[in-house]
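Undergrad:
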Amino acid sequence: MEHITATAVAHPNIALIKYWGNLDDEWNIPANSSLSMTLGELSTQVRLIADEQLDRDLLVMDGYTAPPGAQERVSQFLDQMRRLSGKNFFCRIESRSNFPRGSGIASSAAAFAALALASAKVFGLSTDPQELSRLARLGSGSACRSIFGGFVEWIGGQDHQSSYAVPIAPPQHWNLVDCVAVISTTHKAVSSREGHRLANTSPLQICRVQSAPQRLETCRRAILERDFEQLARVVELDSNLMHSVMMTSCPPLFYWKAETLVVMENVRQWRTQGEAVCYTIDAGPNVHVLTLSDHAEQVKEKLIQIDGVQEVIVAPAGDGAIFVESG
Ligand code: DP6
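Structure representation (structure tokens):
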């Protein structure tokens, strides 16, 4: 055994150009490349303890034994590590997050990025960032982007080897901030994993996927040139397209609530009044409102006044996954 225990920390990310639908569901090879910002200040720590006495993996989340679905997902991920390393021991996995689950911030991306790093140490696999990104992808597609900090592109690729994330600009490059307007914290009825499987049942998915490279290029340019107007247009368009696919899948997926639309309308109106704001929404009702750090307090104040907004969580661009300790 390389290490008996390893601890790693990673951050969630918000997709500016979305991943929705796979070429290959088993390996999480996406239908299109995507682009995200890693979120600082919000983090998940994962401690992995290899234990030759265990006869199965045991996941403990925030001090409690995790529900069977989460246990199974993590165990399936560790099966891949066992297969790749040829080592057959089971592990205790302790995960802690400093942000609420179900807050509209994808906790699985941070968790699987941290788990990929910790398990690479424990199973003696490569800790090269590109390789870690591939490993993290096996747990949760979007987790491959959380290996890196700042602004990150996931090159979709065709197979396991060619599908991984690369950083395009460090966190200090731009003072973009994500203000998450939390509308509901109840668990989503249909998981992203199930949603990806339904994407091709929408007649709009082909069109979304075919035009995604162009949006990704526009988004990349907007980030590199720190052009908020251009970013706002392409980020909202891309989010609207993903939700159009969701709503026209079979069965249809409606993740929005009435309040989601109210926040979207307000954000659009504030922008016509000259404010640097735009929205993007993942597989849930909560709205990620992007702005620049000088406006974040003001945007937070305005969001919290909207009926139905329970809380606003503010996160700037943050760092990639880091290794904390081993033993
Ligand atoms: C809508 O399969 O990565 O957030 O359920 O958290 O594992 P998890 O999600 P994942 O799908 C993410 C879908 C998305 C868009 C995105 O992050 O690109």
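Just so we're aligned: 269 in my numbering is position 63 of the sequence shown, and the numbers increase by one with no gaps anywhere.
Just so you know, even glycine gets a beta-carbon here, dropped at the ideal spot from N, CA and C.
Taking the alpha-carbon positions, what's the residue 453 to residue 408 distance?
TA: 8 Å
Undergrad: Helix, strand or coil for residue 408, going by three-state DSSP, please let me know.
TA: coil
Undergrad: Taking the Cβ atom as the reference point for each residue, do residue 218 and residue 347 lie within a distance shorter than 8 Å?
TA: no
Undergrad: Quick one: grab the DSSP three-state call for residue 208.
TA: Confidence at residue 208 is low in this model, with a pLDDT of 46, below 50, so the placement of that residue is unreliable and no value is reported for it.
Undergrad: Between residue 502 and residue 429, is the Cβ-Cβ spacing less than 8 Å?
TA: no
Undergrad: How about the region 367-383 and the region 466-481: do they share at least three Cβ pairs that are nearer than 8 Å?
TA: In this structure the region 367-383 does not lie against the region 466-481, because fewer than three pairs of beta carbons, one per stretch, are closer than 8 Å.
Undergrad: Would the C-beta of residue 489 count as close to the ligand DP6, meaning under 7 Å from any of its heavy atoms?
TA: yes
Undergrad: Would you decide whether residue 354 is buried or exposed? Buried here means 16 or more other CB atoms lie within 10 Å of its CB.
TA: buried
Undergrad: Between residue 225 and the ligand DP6, is there a pair consisting of the residue's CB and a ligand heavy atom that are separated by less than 7 Å?
TA: yes
Undergrad: Under a three-way DSSP split, which group does residue 148 fall into?
TA: In this structure the chain extends from 207 to 533, so residue 148 is not present and cannot be described.
Undergrad: Per the DSSP calculation, residue 485 is bridged to which residue(s)?
TA: 495
Undergrad: Rounded to whole angstroms, how far is the Cβ of residue 532 from the Cβ of residue 327, which I believe are closer than 8 Å?
TA: A Cβ-Cβ separation of about 5 Å places residue 532 in contact with residue 327 under the 8 Å criterion.
Undergrad: What does the alpha-carbon distance come out to for the pair residue 306 and residue 249?
TA: Their Cα atoms are separated by approximately 11 Å.
Undergrad: At the level of alpha carbons, what is the spacing between residue 208 and residue 258?
TA: The predicted model places residue 208 with a pLDDT of 46, which falls under 50 and marks its position as unreliable; any figure quoted below should be read in that light. Looking at the two C-alpha atoms, the distance is approximately 13 Å.
Undergrad: With residue 540 as the anchor, note down where its alpha helix (DSSP H) starts and where it stops.
TA: Here the chain covers residues 207 to 533 and nothing more, so residue 540 does not appear.
Undergrad: Identify whether residue 244 lies in helix, strand or coil by the three-state DSSP scheme.
TA: strand
Undergrad: CB of residue 312 to nearest heavy atom of the ligand ADP: below 7 Å?
TA: Only the ligand DP6 can be found as ligands here, which leaves the ligand ADP out of the picture.
Undergrad: Using alpha carbons as the reference points, say which of 424, 318, 311 lies closest to residue 385.
TA: Of the candidates 424, 318, 311, the one whose C-alpha sits nearest the C-alpha of residue 385 is 311.
Undergrad: Can you give, in chain order, each stretch of the beta strand (DSSP E) that sits fully within the region 243-322 and has at least 3 residues?
TA: 250-257, 264-267, 296-303
Undergrad: Name, in chain order, the residues that DSSP records as bridge partners for residue 520.
TA: 385
Undergrad: Do residue 497 and residue 483 have their CB atoms nearer than 8 Å?
TA: yes
Undergrad: Can residue 421 be considered in contact with the ligand DP6, in the sense that its beta carbon sits closer than 7 Å to one or more heavy atoms?
TA: no
Undergrad: Out of 527, 526, 444, which has the shortest C-alpha to C-alpha gap to residue 240?
TA: 444
Undergrad: Quick check: the region 399-419 against the region 516-528, are at least 3 beta-carbon pairs closer than 8 Å?
TA: no
Undergrad: Nearest by alpha-carbon distance to residue 214: which of 317, 399, 371, 369 is it?
TA: 317
Undergrad: Measure the beta-carbon distance from residue 260 to residue 298 and round it to whole angstroms, keeping in mind my assumption that it falls under 8 Å.
TA: So it is a contact: roughly 7 Å between Cβ atoms.
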